[in-house]
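Presented below is the structure to which this report refers.
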Amino acid sequence: MSTLVFRRVRAIDPSSGLDAEVDVVVEKGVVTRVGRDAGLPASEHVRVVEREGAWLLPGLIDLHAHVREPGQESKEDVASALRAAAAGGFADICCMPNTRPVNDTRAITEMLRGKARALGGTRLHPIAAITLGQKGEALTEMADLKDAGAVGVSDDGRCVTSSAVMRRALEYAATFDLPVIQHAEDHALTEGAEMHEGAMSTKLGLRGWPRVAEDIIVARDVLLAEYVRAKYHVAHVSTLGAVRILREAKSRGVAVTAEVTPHHLLLTDASLLGYDTACKVNPPLREQADVDALRAALADGTIDCIATDHAPHGVLEKDCELSAASPGMIGLELCVPLLLGLVNDGTLPLARFVEALTSAPAKIVGLPAPRIREGARADLVLVDPREVWTIDASRFRSKSKNTPFLGREVKGRVRMTVVAGAVAFEEGAA
Ligand SMILES: [Zn+2]
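Position in the sequence shown (from 1) plus 242 gives the number in our numbering.
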């Protein structure tokens, strides 16, 4: 394997205390040198990458992606999801178990890992179900699932509604050091809901999903996690109430963590004014007060990390009435450019942005934290923070195009993703 040199990049790795213009040398899958003028000249065996003003970040990690395999490969499969992930700067992604069939077995967990390993590039880490068939009743064989490579458990798409089942899930998962990842939704309060419940849903005449349906579950789960001393993680936090509960719990040292999606940081329920099915997500887009609370919580660390909730859907599921549309939008390829807007306008400190996509998610699911330092595995992403471009569906690596951000002009672009020393994605390359 030849040597790769990033020349005069701004290397940013908050967990190593690094933010400096340096050369970074990659040899045999490992970062071997970091420093001023540490690079070698280009030669037959040395590739030099130099791009004025570019940033080099540790490889990104996504805790929440739907790869749709097995069962819905027309929307996405392991190969297309990993290509999209690499194009988005991700060296690792975790995939949710609400496939067809549900990933509640060793066989599916191993199949997913095997396929990803054979493909190379971005690594895939299955999150297995909490309950068999995600029915909310009997617990899965978590020891077996962990042994097969699952990094967490979740019934995502469904909430574990029963307090008794959730208590046992937390206790059981804790014995294997697996985080329990909750899709916090009291289904009794959200039946038939199409969007956030508020002035906008009244105006549009649509059934609402009230904030309190999320807050109730987060509050209960925090109490349970504290009681049984287990690791609890809230998926896609969307409400200011949940933020308040998390902040209070963390201030008392409860082992809770949380993620937020780019779309909940950027859009409000007003996006549904034109009944745009691309904006139908679960949990729904909320109000500006929620967006403000989520941004502040991400900036101050109350919300630990950013996760895409990449949810590919075909035309059939989106080119229909809002009530019939499936919830979710794609996110892997757009996360960095969309969120750099918040970095550029000073809402999100750059160090927090990097941490929230690297060391923070790694810690939650027990993956090694990606680092830019000598001796570290070379998982790296090269970003041009100044490049202005327009989001164009024809360029997606994902099989699906369901996003309301088509046509939006963004600033900042992933130019290259390196996984274990090998180039997994390069913008403009064939
Ligand atoms: Zn969910």
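The beta carbon of each residue, even a glycine, is placed where N, CA and C say it ideally should be.
DSSP places alanine 328 in the helix class (H, G or I) of the three-state scheme. Using a Cβ distance threshold of 8 angstroms, glycine 663 and alanine 620 count as a contacting pair. Residue pairing of lysine 377 in beta bridges, as defined by DSSP: absent, with no partner found. Within the segment 406 to 476, the alpha helix (DSSP H) runs of at least 4 residues that lie entirely inside it are, in chain order, 441 to 446, 453 to 470.
In the displayed model, cysteine 577 falls within a helix according to three-state DSSP. Distance check between threonine 364 and each of Ile303, Pro610, Lys473 places Ile303 closest, using alpha-carbon atoms only. In this structure alanine 541 is in contact with proline 591, their Cβ atoms being roughly 6 angstroms apart against a cut-off of 8 angstroms. With respect to leucine 366, lysine 388 sits apart: the two C-beta atoms are not nearer than 8 angstroms. Assigned with DSSP and collapsed to three states, leucine 622 falls in strand. The Cβ-Cβ distance between alanine 326 and phenylalanine 638 falls below 8 angstroms.
For alanine 262, the shortest separation between its Cβ and any heavy atom of ligand 1 does not lie below 7 angstroms. The segment 398 to 416 makes no contact with the segment 316 to 325: fewer than 3 CB pairs, one atom from each, lie closer than 8 angstroms.
For the segment 339 to 366, not one full-length beta strand (DSSP E) segment reaches 3 residues or more. Not one heavy atom of ligand 1 lies closer than 7 angstroms to the C-beta of glycine 394.
Burial check for lysine 377: the Cβ neighbour count within 10 Å stays below 16, so the residue is exposed. Exclusion of the five residues before and after glutamate 669 leaves Arg657 as the residues of its chain whose Cβ lies within less than 6 angstroms of its Cβ.
A contact between stretches requires three or more CB pairs, one per stretch, nearer than 8 angstroms, and the segment 354 to 364 fails this requirement with the segment 638 to 653. At a Cβ-Cβ threshold of 8 angstroms, leucine 509 and valine 291 do not count as neighbours. Linking threonine 382 to leucine 515 through their CA atoms gives a straight-line distance of about 41 angstroms. Between histidine 506 and histidine 478, the C-beta gap is smaller than 8 angstroms, which places the two residues in contact.
For histidine 505, the uninterrupted alpha helix (DSSP H) run begins and ends at 504 to 508, by DSSP. Chain-ordered, the residues whose CB falls short of 7 angstroms from any heavy atom of ligand 1 come out as Asp398, Gly399, His425, Ala477, His478, Asn524, Asp551. In chain order, Asp255, Ser258, Leu260, Val273, Val276 place their CB closer than 8 angstroms to the CB of arginine 615, counting only its own chain and leaving out the 5 sequence neighbours on each side. In the DSSP assignment, glutamate 269 falls outside any alpha helix (DSSP H) and lies within the beta strand (DSSP E) extending over 260 to 269.
For the pair of segments examined, the segment 562 to 574 was found not to touch the segment 476 to 495: the number of CB pairs separated by less than 8 angstroms stays below three. Judged by their CB atoms, valine 476 and alanine 535 are not nearer to each other than the 8 angstroms cut-off.
For proline 603, there is no enclosing beta strand (DSSP E); the residue is part of the alpha helix (DSSP H) that begins and ends at 601 to 607. For glutamate 529, there is no enclosing alpha helix (DSSP H), as DSSP gives it neither H nor E. Shortest Cα-Cα distance from cysteine 401 to any of Gly375, Phe418, Val393, Tyr414 involves Gly375. One Cα belongs to threonine 589, the other to arginine 537, and the distance between them is close to 7 angstroms.
With a 10 Å radius around the Cβ and a threshold of 16 neighbouring Cβ atoms, aspartate 511 comes out buried. In this structure, glycine 394 lies near isoleucine 369, with their beta-carbon atoms less than 8 angstroms apart.
Taken through DSSP and simplified to helix, strand or coil, threonine 403 comes out as coil. Here DSSP, grouped into helix, strand and coil, assigns glycine 583 to helix. Residue burial annotation: arginine 494 is exposed, with fewer than 16 other C-beta atoms found within 10 angstroms of its C-beta. For glutamate 436, same chain residues with a beta-carbon under 6 angstroms away, outside a window of 5 residues either side, are Leu448, Arg449, Leu564, Ser565 in chain order.
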